[in-house]
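Some notes on the structure that comes next.
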Amino acid sequence: MPAEARAGQRVVYLRDRDDGQRMKDVIYVHPPSYKGAEFQNPAGLPRPVVAGLPFPWVTPMGDSGPLFREVERVKAELCRRLWGCQVCGNDLDTTAWVALERPEDGSPVITSAAIHRACLSLAVEHCPVLGDAANNYAFTEVFEDDIAAAADEGRHEGAPKARWYLRPVSETPRPDRMRTFLSLRQVLERS
Ligand SMILES: [Zn+2]
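Using this note's numbering, the first residue of the sequence shown is number 7, and each one after it goes up by one.
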């Protein structure tokens with residue numbers, strides 16, 4: 007294959023991890039590079055610091071630097087299917103956190119996947135989308151079956167494409183549960 011055809015190409019495959027985590031290592035056949043070195047972006051904490059910022063597990067490395075506003079589709083899909091954290095890449099606990107378009111049942115879920123509580127603090131402090139108060143996102147703690155695949159309708163213009171929505175609590179196995187919706191400021195205060 008000519009070098010031009012490989013530029014920017016990311017062939018990935020999964021490798022079993024030896025630490026018992028259900029999430030898998032993602033191996034690049036043609037790894038992206040940063041400052042001349044291969045950049046594999048392994049799962050776990052602490053996150054690598056790139057260009058002065060913690061580098062999320064689902065964030066792609068571009069040909070000329072980090073693409074902080076983009077999400078690596080394969081990794082986001084892995085997180086959704088295997089209940090993994092989009093920030094650190096490790097397995098989530100029984101509950102995790104998501105960002106919502108609106109603080110209510112049925113809202114589209116804005117985050118590509120769910121996030122550990124500690125990783126949410128990291129995300130709202132550094133992510134230009136989640137940490138932007140102008141977006142008025144709400145944050146809530148969810149069980150895995152609190153969120154379901156979404157149709158694409160119902161999102162507001164400019165918002166990241168919502169692939170999940172928050173199931174109404176009455177339709178979940180915990181219909182009496184009280185949901186709490188936090189604002190960005192409340193999440194930052196609890197960090
Ligand atoms: Zn995490």
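Note that beta-carbon positions come from the ideal geometry of N, C-alpha and C, so glycine has one too.
(Q) Is residue 122 a contact residue of ligand 1, with contact defined as CB to any heavy atom under 6 Å? (A) Along the sequence shown, read from residue 1 onward, the residue named residue 122 stands at position 116. It does: the Cβ of residue 122 is within 6 Å (strictly closer) of some heavy atom of ligand 1.
Q: Identify which residue in 42, 91, 55, 47 has its Cα closest to the Cα of residue 126.
A: Within the sequence shown, residue 126 is the residue found at index 120, counting from 1. If we check each option's Cα against that of residue 126, 91 comes out closest.
Q: Evaluate residue 19 with the Cβ neighbour count: other Cβ atoms within 10 Å of its Cβ, from every protein chain shown; 16 or more gives buried, anything less gives exposed.
A: Here residue 19 corresponds to residue number 13 of the sequence shown, with the count starting at 1. Classification of residue 19: exposed, given that the 10 Å Cβ count is below 16.
Q.
Which residues does DSSP list as the beta-bridge partners of residue 103?
A. Numbered from 1 along the sequence shown, position 97 holds the residue referred to as residue 103. Per DSSP, 121, 147.
Q.
Taking 6 Å as the limit between beta carbons, can you name the residues of its chain near residue 197, skipping five residues before and five after?
A. Against the sequence shown, residue 197 aligns to sequence position 191. Taken in chain order, the residues that qualify are 127.
Q: Quick one: residues in its chain with C-beta nearer than 8 Å to the C-beta of residue 17, no 5 flanking neighbours on either side, listed in chain order?
A: Residue mapping note: residue 17 aligns to position 11 of the sequence shown, counting from 1. The residues are 34, 35, 36.
Q | Status (buried if at least 16 other CB within 10 Å, exposed otherwise) for residue 60 | A | Residue mapping note: residue 60 aligns to position 54 of the sequence shown, counting from 1. Under this definition residue 60 is a buried residue.
Q | Beta carbon of residue 156 nearer than 7 Å to that of residue 109 | A | For the purposes of this step, residue 156 is taken as the residue at position 150 of the sequence shown. For the purposes of this step, residue 109 is taken as the residue at position 103 of the sequence shown. Taking 7 Å as the Cβ cut-off, residue 156 and residue 109 do not qualify as a contacting pair.
Q.
Rounded to whole angstroms, what is the Cα-Cα separation between residue 73 and residue 100?
A. The residue labelled residue 73 in the question sits at position 67 within the sequence shown. The residue labelled residue 100 in the question sits at position 94 within the sequence shown. Approximately 30 Å between the Cα atoms of the pair.
Q) How would you call residue 186, buried or exposed, if buried means at least 16 neighbouring beta carbons within 10 angstroms? A) The residue labelled residue 186 in the question sits at position 180 within the sequence shown. Classification for residue 186: exposed.
Q.
Which of the three DSSP states is assigned to residue 11 in this structure?
A. Reading the sequence shown from its first residue, position 5 is the one you call residue 11. With a pLDDT of 44 at residue 11, under the threshold of 50, the modelled position of that residue is not reliable, and no figure is offered here.
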